[in-house]
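Since the structure comes first, as structure tokens, the remarks are kept for the end.
2 protein chains.
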Amino acid sequence: MLDALDRKIVAALERDARVSFGELAEAVGLSKTPCWKRVKALEDAGVIRGYSTRIDPAAIGFGIEAFIQVSIDFEVSDAFEAAVKKHPLIRRCYATTGEADYLLQIVTVDMRALDRMLREELSRLPGVRRTVTSMAMREIKGDISFAEAAAHALR
Amino acid sequence: MLDALDRKIVAALERDARVSFGELAEAVGLSKTPCWKRVKALEDAGVIRGYSTRIDPAAIGFGIEAFIQVSIDFEVSDAFEAAVKKHPLIRRCYATTGEADYLLQIVTVDMRALDRMLREELSRLPGVRRTVTSMAMREIKGDISFAEAAAHALR
DNA sequence: CCTGAAATTATCTTAAC
DNA sequence: GTTAAGATAATTTCAGG
Chain A
1 MLDALDRKIV
11 AALERDARVS
21 FGELAEAVGL
31 SKTPCWKRVK
41 ALEDAGVIRG
51 YSTRIDPAAI
61 GFGIEAFIQV
71 SIDFEVSDAF
81 EAAVKKHPLI
91 RRCYATTGEA
101 DYLLQIVTVD
111 MRALDRMLRE
121 ELSRLPGVRR
131 TVTSMAMREI
141 KGDISFAEAA
151 AHALR
Chain B
1 MLDALDRKIV
11 AALERDARVS
21 FGELAEAVGL
31 SKTPCWKRVK
41 ALEDAGVIRG
51 YSTRIDPAAI
61 GFGIEAFIQV
71 SIDFEVSDAF
81 EAAVKKHPLI
91 RRCYATTGEA
101 DYLLQIVTVD
111 MRALDRMLRE
121 ELSRLPGVRR
131 TVTSMAMREI
141 KGDISFAEAA
151 AHALR
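Chains as they are written, first to last, in UniProt numbering: chain A, 1 to 155; chain B, 1 to 155.
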């Protein structure tokens, strides 16, 4: 289990993954050595999965984000999931409860590309029976800090 | 607009935000200085929004992930959105087209906490009229590389 | 399990070309 | 774009609380 110092470390790394160990140690109130050891331990324990870069989808050319609820034929779920993992425009995919079997989040350059994506690519993935598309008009909130969420949940 | 080298840089940074400039330069086939300059330019242009850490929600104590479609009274949309931004357990929020007005992704420790979250917190946010909850049973795909998506979309 | 310091190695950042 | 060099930071090790 993570203690309060670990959570402070994780929160700081979620805010800025490129912070130096010197700054990180100062921010959490430790000296460099134990701070470094805790980060390594968090990596080894799988709490920290890796370090990534936040990209602005619009700045790189993606004007459209959409959510798609997908119902499939479960006999080919493995093939469907493999195809989802391979498709570059599918950002995220969850198996969900409810009316649909999966929830997908996709990006496309524009509406024309979204239309092509839906008609020519998504509908042809293995086992797809029905799709319901909802456009993301605006992002209100991006990713949260899990460490801060944990501090709230465990209060 | 980003050229092929910029996209390679972004792809490498999305894979590992803590890669050294030496390794990054070698990976994209540049020497360190121009590589460093391109990264700074990408940061200044807002293409790179920041560097973050991927955390395993389960490892930090969140056993439940859920999607919630929320319909609200638009007269208080500003207050609703402000409350959403402040709530630590709401990971993501998009304003969407379709039956509901917003799509939220939340995390909770367990089912009991999800029940409390829905009944005592979400339903009391400003203007909330109706919620439809769908559990995320399994994550098929996490975040993609936008740089690789762009390479696909612009082919 | 922490601090602090010292030594080594690697990396960052700037400046000159 | 390159190469080069001084400033900074990462990492390991060790003595000690």
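The beta carbon of each residue, even a glycine, is placed where N, CA and C say it ideally should be.
Bear in mind that the values here come from a model prediction, so they are computed numbers and not experimental data.
At a Cβ threshold of 7 angstroms, is Gly46 of chain B touching chain A?
Yes, Gly46 of chain B counts as interfacial toward chain A.
For the alpha helix (DSSP H) containing Ser77 of chain B, name the first residue and the last one.
Looking at the DSSP string, the run of the alpha helix (DSSP H) that includes Ser77 of chain B is 77-86.
Please state whether DSSP places Arg155 of chain B in a helix, a strand or coil.
Three-state DSSP puts Arg155 of chain B in coil, outside helix and strand.
Would Phe37 of chain B and Phe21 of chain B qualify as a contact pair, given that the criterion is a beta-carbon distance under 7 angstroms?
Contrary to the premise, residue 37 of chain B reads as Lys rather than Phe in this sequence. No. Outside cutoff.
If you draw a straight line from the C-alpha of Phe62 of chain B to the C-alpha of Val109 of chain B, how long is it?
One C-alpha to the other measures close to 4 angstroms.
Using the C-alpha atoms, what's the distance from Leu104 of chain B back to Thr96 of chain A?
Taking the straight line from one Cα to the other gives about 14 angstroms.
Report the rounded CA-to-CA distance for Ala41 of chain A versus Arg91 of chain A, giving the unit in angstroms.
Their backbone Cα atoms lie some 29 angstroms apart in a straight line.
Considering only the beta carbon of each residue, do Ile140 of chain B and Val84 of chain A sit closer than 7 angstroms?
Taking 7 angstroms as the Cβ cut-off, Ile140 of chain B and Val84 of chain A qualify as a contacting pair.
Using a Cβ-Cβ cut-off of 8 angstroms (strictly less than) and excluding sequence neighbours within five positions of Ser134 of chain A, which residues of its own chain qualify?
So the qualifying residues of the chain are Ala66, Phe67, Ile68, Gln69.
Counting only beta-carbon separations shorter than 7 angstroms, does Leu5 of chain B have a partner in chain A?
By this cut-off, Leu5 of chain B is not an interface position.
Please report the straight-line C-alpha distance between Phe74 of chain B and Val128 of chain B, rounded to a whole angstrom.
Each residue's alpha carbon lies about 9 angstroms from the other.
Determine which residues share a DSSP beta bridge with Ile90 of chain B and list them.
Bridge partners of Ile90 of chain B: B:Ile106.
Please list the terminal residues of the continuous alpha helix (DSSP H) segment that includes Val132 of chain B.
Unbroken run through Val132 of chain B is the beta strand (DSSP E), 128-141; no alpha helix (DSSP H).
Closest by CA to Asp143 of chain B, which one among A:Pro57, A:Phe80, A:Ala25?
Residue A:Pro57 is the option with its Cα nearest to Asp143 of chain B.
Would you mind working out which of B:Phe146, B:Leu154, B:His152 sits nearest Arg15 of chain B, comparing C-alpha positions?
Answer by Cα proximity: B:Phe146.
Could you work out which residue in B:Met117, B:Glu81, B:Arg155, B:Tyr94 is closest to Arg138 of chain A when comparing CA atoms only?
Measuring from the Cα of Arg138 of chain A, the nearest candidate turns out to be B:Tyr94.
Closest to Leu5 of chain A by CA distance: which of A:Gly29, A:Ser123, A:Val19, A:Glu23 is it?
It is A:Gly29.
Which residues, in chain order, does the region 68-97 of chain A contribute to contact with chain B at a C-beta distance below 8 angstroms?
The residues in question are Glu81, Val84, Lys85, Pro88, Leu89, Ile90, Arg91, Arg92, Cys93, Tyr94, Ala95, Thr96, Thr97.
Can you find a CB in chain B that lies within less than 7 angstroms of the CB of Ser134 of chain A?
Yes, Ser134 of chain A lies at the interface with chain B (some Cβ there is under 7 angstroms from its Cβ).
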